[in-house]
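Trainee: Counted the way my numbering counts, the sequence shown spans residues 989 to 1665.
Mind looking over this structure? Questions follow.
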Amino acid sequence: MVMKATLEDDDSGWELGMPDKMEKSNTSWIDITQDFEEACKELKLGELLHDKLFGLFEAMSAIEMMDPKMDAGMIGNQVNRKVLNFEQAIKDGTIKIKDLTSPELVGIMDTCFCCLITWLEGHSLAQTVFTCLYIHNPDFIEDPAMKAFALGILKICDIAREKVNKAAVFEEEDFQSMTYGFKMANSVTDLRVTGMLKDVEDDMQRRVKSTRSRQGEERDPEVELETSAVAEAQKLMTQAADLLSAIHNSLHHGMQAQNDTTKGDHPIMMGFEPLVNQRLLPPTFPRYAKIIKREEMVNYFSKLIDRIKTVCEVVNLSNLHCILTTFLVDNKKVFGTHLMQDMVKDALRSFVSPPVLSPKCCLYNNHQAKDYIDSFVTHCVRPFCSLIQIHGHNRARQRDKLGHILEEFATLQDEAEKVDAALHSMLLKQEPQRQHLACLGTWVLYHNLRIMIQYLLSGFELELYSMHEYYYIYWYLSEFLYAWLMSTLSRADSSQMAEERIMEEQQKGRSSKKTKKKKKVRPLSREITMSQAYQNMCAGMYKTMIAFDMDGKVRKPKFELDSEQVRYEHRFAPFNSVITPPPVHYLQFKEMSDLNKYSPPPQSSDLYMAASKHYQQAKMILENIPNPDNEVNRILKVAKPNIVVMKLLAGGHKKDSKVPPEFDFSPHKYFPVVKLV
């Protein structure tokens, strides 16, 4: 029933239902239900009314209004209880501030952790952590365990907020740092809160007469400021991981949320009031915050601990090149205290050994050469800082920003080639046996290629590609980007070896002693090997998709407003700003991948067998890697079953079936296990 008031109604009875409002107010109401429904009949399904006073913003708000999932205000009118803040709840005796029982403490703590994680996942503090009344003012709490825990939660929120804000690795929808005027326990130091938590822990251990003691040494804050805390952090993460099982096993002991008239799944229990901050929320219909379950909370903490452990490994990496390699795999971010210019120079030395950075080279103390290299390195700082920062964003933002940063790297590539040419001409005049060709250019090109590869591969992780698009994505990776990457790495390796030979000859000339030759480990050999494996996996997937298409197992959409060419150009659009390597346009791709140029053209069975050989080759390469890491094992889990499936298909298995295959990306995020249905 739709009603219209003939007089302007006041807003005093916002919490009343429509019948109550009609009784309370002196307003005269008109029933416009019939007229409203008649007017709506003119609109087709999915159409919205467009008026100069009713634009897109109002239309979207109209869709979101009164939808419980989108409109947080919807709960407000559906509650029969009185909403109390912390002080009111204490006066009414509905909340305990001392002598809390163990089930009450465990239940409140577990739910607080759930709220904390929901905030970290992108919801507001007002809808998550601050629905716990105890957090509003810990000074009122007399129970030592609850007080220490409340202060600890506030400190965690404040530290997380500060670090994420400083790093600037989030967009508006990813993380909400507003505190809505709540105090974040700034009057109490971190060390004091840690001490309070430790006292409570010791007291509880004494009470249960635990044999497991966690007595720690007295900490000196002055020393802490001067020493690396990474080892301590690793130790604490190991302890935290051990304690997770105890938290998981005690979940059922905690006080459980009560049933309430509130529609939704926000926990209703002592100490929590989901509507206490309703008036603090903006009028733009913020989405409803769904608090995660306690079991999910434990899983989240487990993954978080693993991620922090990986971050701790960064200090063991020797240079920028290794750090970027780590960040390109995992979503982490750490900024050190070293000058970025020094990091860039170290990265250049370890990757390509340019003569200009060698103390034994004549250019090392040449003022003009020094100016050239210093200027280039300074120009590198901003793009590389941005690149590290990008990997602190979530996956979808990362991909978008990687596409944009390619423009900066294209400019850097151009400068690198010019500096290389200038340094090469200077070097030839003084040391003709040495070269400075494509040293800096090779290094920038390497990072360009890594960004392009990461951009394409992340599309699989984010599930952006349709099955009929797989073949040209994998083709671009195997035939083009990985081919360029392999030649770039080989060129860098050769440059390193040439520089080492010159250094050895100079050493021989000065020293008459014979030195024993040691077999040197090539710094880039592992990466070259991994790139070969990736290239074979991509080539195998490309040939698999072509063969499936030949057998009619790939469903293609009926293109109306676009075409395969439009989709192809859209997928590779960010690469148009890159000069080296030059982008492959659609017509070039069709020409290069045309199977009719072979005589005779291969059949699907030939392609299945060729794909099987690629997977076999990748398997052989990976099995020969000493000390295989998790990534190697994950790729092997894909390569092995795919070899078997390809051989079955090559033998004619299910050849007449037109049912599309299934692609399982659970073992590896970039390469699927092919399953026949």
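The C-beta atom is built at its ideal place from N, Cα and C for all residues, glycine as well.
Model, not experiment: these values are computed from the prediction.
What residue from Phe-1260, Glu-1457, Ala-1398 and Leu-1428 has the CA that sits closest to Ala-1410's CA?
Mentor: Within the sequence shown, numbered from 1, the residue matching residue 1410 stands at position 422. When only C-alpha atoms are compared, the closest one is Leu-1428.
Trainee: Start and end of the alpha helix (DSSP H) containing Phe-1651?
Mentor: Working through the sequence shown from its first residue, we reach residue 1651 at position 663. Segment 1650-1652 is the beta strand (DSSP E) holding Phe-1651; no alpha helix (DSSP H) there.
Trainee: Is it buried or exposed, Glu-1485, if we count other Cβ atoms within 10 angstroms and call 16 or more buried?
Mentor: In the sequence shown, residue 1485 corresponds to position 497, counting from 1. The identity of residue 1485 in the sequence shown is Met, whereas the question assumes Glu. Only exposed fits Met-1485, as fewer than 16 other CB atoms lie within 10 angstroms of its CB.
Trainee: Quick one: give me the first and last residue of the beta strand (DSSP E) that Lys-1663 is part of.
Mentor: Taking the sequence shown and counting its residues from 1, the one referred to as residue 1663 is at position 675. Bounds of the beta strand (DSSP E) holding Lys-1663 are 1661-1663.
Trainee: How many Å lie between Ala-1027 and Arg-1385 at the Cα?
Mentor: On the sequence shown, position 39 is the one that residue 1027 refers to. On the sequence shown, position 397 is the one that residue 1385 refers to. For Ala-1027 and Arg-1385, the distance between alpha carbons rounds to 42 Å.
Trainee: Look at Phe-1531 and Ala-1471 and say whether their C-beta atoms are less than 8 Å apart.
Mentor: Counted from its first residue, the sequence shown places residue 1531 at position 543. Counted from its first residue, the sequence shown places residue 1471 at position 483. Looking at the sequence itself, residue 1531 is Lys, so the reference to Phe does not match. No; because the gap between Cβ atoms is not below 8 Å, this pair is not in contact.
Trainee: Using a Cβ-Cβ cutoff of less than 6 Å, which residues in the same chain neighbour Gln-1523 once the five nearest sequence positions on both sides are dropped?
Mentor: The residue labelled residue 1523 in the question sits at position 535 within the sequence shown. These residues qualify, in order along the chain: Ser-1466 and Tyr-1470.
Trainee: Please list the terminal residues of the continuous alpha helix (DSSP H) segment that includes Ile-1147.
Mentor: Locating residue 1147 in the sequence shown gives position 159, where the first residue counts as 1. Looking at the DSSP string, the run of the alpha helix (DSSP H) that includes Ile-1147 is 1132-1155.
Trainee: For Phe-1074, collect the residues of the same chain with a Cβ closer than 7 Å to its Cβ; drop the 5 residues on either side in sequence, then sort them by chain order.
Mentor: Taking the first residue of the sequence shown as position 1, residue 1074 is located at position 86. If we look at Phe-1074 and ignore the five residues flanking it on each side, its Cβ neighbours are Leu-1121, His-1124, Asn-1125 and Phe-1128.
Trainee: With H, G and I counted as helix, E and B as strand and the rest as coil, what does DSSP make of Lys-1349?
Mentor: Taking the sequence shown and counting its residues from 1, one reaches residue 1349 at position 361. The identity of residue 1349 in the sequence shown is Cys, whereas the question assumes Lys. Of the three classes helix, strand and coil, the one that applies to Cys-1349 here is coil, per DSSP.
Trainee: Under three-state DSSP, which class holds Phe-1042?
Mentor: Residue 1042 sits at position 54 when you count from the first residue of the sequence shown. Here Phe-1042 sits in strand by DSSP.
Trainee: How about Ser-1112 and Gln-1164: are their beta carbons less than 8 Å apart?
Mentor: For this step, residue 1112 is matched to residue 124 along the sequence shown. For this step, residue 1164 is matched to residue 176 along the sequence shown. Contact: yes.
Trainee: Thinking Thr-1082 and Phe-1260 are a contact (beta carbons under 8 Å), I'd like their distance in whole angstroms, please.
Mentor: As a first step, residue 1082 is located in the sequence shown; it is residue number 94 there, counting from the start. As a first step, residue 1260 is located in the sequence shown; it is residue number 272 there, counting from the start. The Cβ separation is near 11 Å, so there is no contact.
Trainee: For Asn-1564, which residues in the same chain have their Cβ closer than 6 Å to its Cβ, ignoring the five residues on either side in sequence?
Mentor: For the purposes of this step, residue 1564 is identified with residue 576 of the sequence shown, where counting begins at 1. Excluding positions up to five away in sequence, the list reads Pro-1571.
Trainee: Going by DSSP, what residues sit across from Cys-1120 in a beta bridge?
Mentor: Position 132 of the sequence shown, counted from the first residue, corresponds to residue 1120. Phe-1260, per the DSSP bridge assignment.
Trainee: First and last residue of the alpha helix (DSSP H) that includes Phe-1101?
Mentor: Here residue 1101 is taken as the residue at index 113 of the sequence shown, counted from 1. Where Phe-1101 is concerned, the enclosing alpha helix (DSSP H) starts and stops at 1090-1108.
Trainee: State the DSSP-derived secondary structure class of Met-1192, mapped to helix, strand or coil.
Mentor: Residue numbering aside, residue 1192 sits at position 204 when the sequence shown is read from its first letter. It is helical.
Trainee: Once DSSP output is grouped into helix, strand and coil, what is the label at Met-1455?
Mentor: For the purposes of this step, residue 1455 is taken as residue 467 along the sequence shown, with counting starting at 1. Helix.
Trainee: Could you spell out the range, first to last residue, of the alpha helix (DSSP H) harbouring His-1367?
Mentor: By 1-based counting over the sequence shown, the position of residue 1367 is 379. 1355-1378 is the span of the alpha helix (DSSP H), which, as asked, contains His-1367.
Trainee: Is the CB of Arg-1514 under 8 Å away from at least one CB in chain C?
Mentor: Judged by its chain identifiers, the structure shown contains no chain C, having just a single protein chain.
Trainee: Under 8 Å, with one C-beta from each stretch per pair, do the stretch 1539-1553 and the stretch 1453-1463 reach the 3-pair mark?
Mentor: They touch, by the three-pair rule.
Trainee: Would you kindly report the start and end of the unbroken alpha helix (DSSP H) that includes His-1392?
Mentor: Here the question's residue 1392 lines up with position 404 in the sequence shown. Here the alpha helix (DSSP H) through His-1392 covers 1383-1418.
Trainee: Quick check: what's the CA-CA separation for Val-1322 versus Ala-1229?
Mentor: Translated into positions along the sequence shown, residue 1322 becomes position 334. Translated into positions along the sequence shown, residue 1229 becomes position 241. Bear in mind that the predicted position of Val-1322 carries a pLDDT of just 37, short of 50, making it unreliable; the figure below should be weighed with that in mind. Distance between the alpha carbons of Val-1322 and Ala-1229 is about 22 Å.
Trainee: Mind pulling the alpha helix (DSSP H) runs of 4 or more residues that sit fully within the stretch 1534-1593?
Mentor: 1552-1559 and 1574-1580
Trainee: Would Glu-1451 and Tyr-1658 be called neighbours here (beta carbons separated by less than 8 Å)?
Mentor: Within the sequence shown, numbered from 1, the residue matching residue 1451 stands at position 463. Within the sequence shown, numbered from 1, the residue matching residue 1658 stands at position 670. Taking 8 Å as the Cβ cut-off, Glu-1451 and Tyr-1658 do not qualify as a contacting pair.
Trainee: DSSP on Glu-1160, reduced to helix/strand/coil?
Mentor: Mapped onto the sequence shown, residue 1160 falls at position 172. Here Glu-1160 sits in coil by DSSP.
Trainee: Here's the rule: buried if 16 or more other CB atoms are within 10 angstroms of the residue's CB, otherwise exposed. What is Ala-1133?
Mentor: Here residue 1133 corresponds to residue number 145 of the sequence shown, with the count starting at 1. With a threshold of 16 other beta carbon atoms within 10 Å, Ala-1133 meets it and is buried.
Trainee: Assign His-1656 to one of three DSSP states: helix, strand, or coil.
Mentor: As a working mapping, residue 1656 is identified with position 668 in the sequence shown. Coil at His-1656, not helix or strand.
Trainee: Can you give the Cα-Cα distance for Tyr-1459 and Pro-1562, rounded to whole angstroms?
Mentor: Here the question's residue 1459 lines up with position 471 in the sequence shown. Here the question's residue 1562 lines up with position 574 in the sequence shown. Distance between the alpha carbons of Tyr-1459 and Pro-1562 is about 19 Å.
Trainee: Looking only at its own chain, which residues have a Cβ that is under 8 Å from the Cβ of Thr-1557, when we skip the five neighbours before and after it?
Mentor: Translated into positions along the sequence shown, residue 1557 becomes position 569. The question names Thr, yet the displayed sequence has Glu at residue 1557. The answer, listed in chain order, is His-1573 and Tyr-1574.
Trainee: Rounded C-beta distance between Lys-1186 and Asp-1131? I'm assuming under 8 Å.
Mentor: Taking the first residue of the sequence shown as 1, we reach residue 1186 at position 198. Taking the first residue of the sequence shown as 1, we reach residue 1131 at position 143. About 17 Å separates the two Cβ atoms, so there is no contact after all.
Trainee: Looking at the secondary structure, which residues open and close the alpha helix (DSSP H) in which Leu-1292 lies?
Mentor: Against the sequence shown, residue 1292 aligns to sequence position 304. 1282-1300 is the extent of the alpha helix (DSSP H) around Leu-1292.
Trainee: Short check: CB of Pro-1091 to CB of His-1241, under 8 Å?
Mentor: In the sequence shown, residue 1091 corresponds to position 103, counting from 1. In the sequence shown, residue 1241 corresponds to position 253, counting from 1. Between Pro-1091 and His-1241, the gap from beta carbon to beta carbon is short of 8 Å.
Trainee: Give the DSSP-derived three-state secondary structure of Tyr-1168 in the structure shown.
Mentor: As a working mapping, residue 1168 is identified with position 180 in the sequence shown. Coil at Tyr-1168, not helix or strand.
Trainee: What distance in whole Å lies between the Cβ atoms of Val-1661 and Pro-1629, which are believed to be in contact at a cut-off of 8 Å?
Mentor: Mapped onto the sequence shown, residue 1629 falls at position 641. Mapped onto the sequence shown, residue 1661 falls at position 673. 5 Å between Cβ atoms; contact.
Trainee: Find out if the Cβ-Cβ distance for the pair Leu-1415, Leu-1473 is shorter than 8 Å.
Mentor: To locate residue 1415, count along the sequence shown from 1; it is residue 427. To locate residue 1473, count along the sequence shown from 1; it is residue 485. No, Cβ-Cβ distance for Leu-1415 and Leu-1473 is not below 8 Å.
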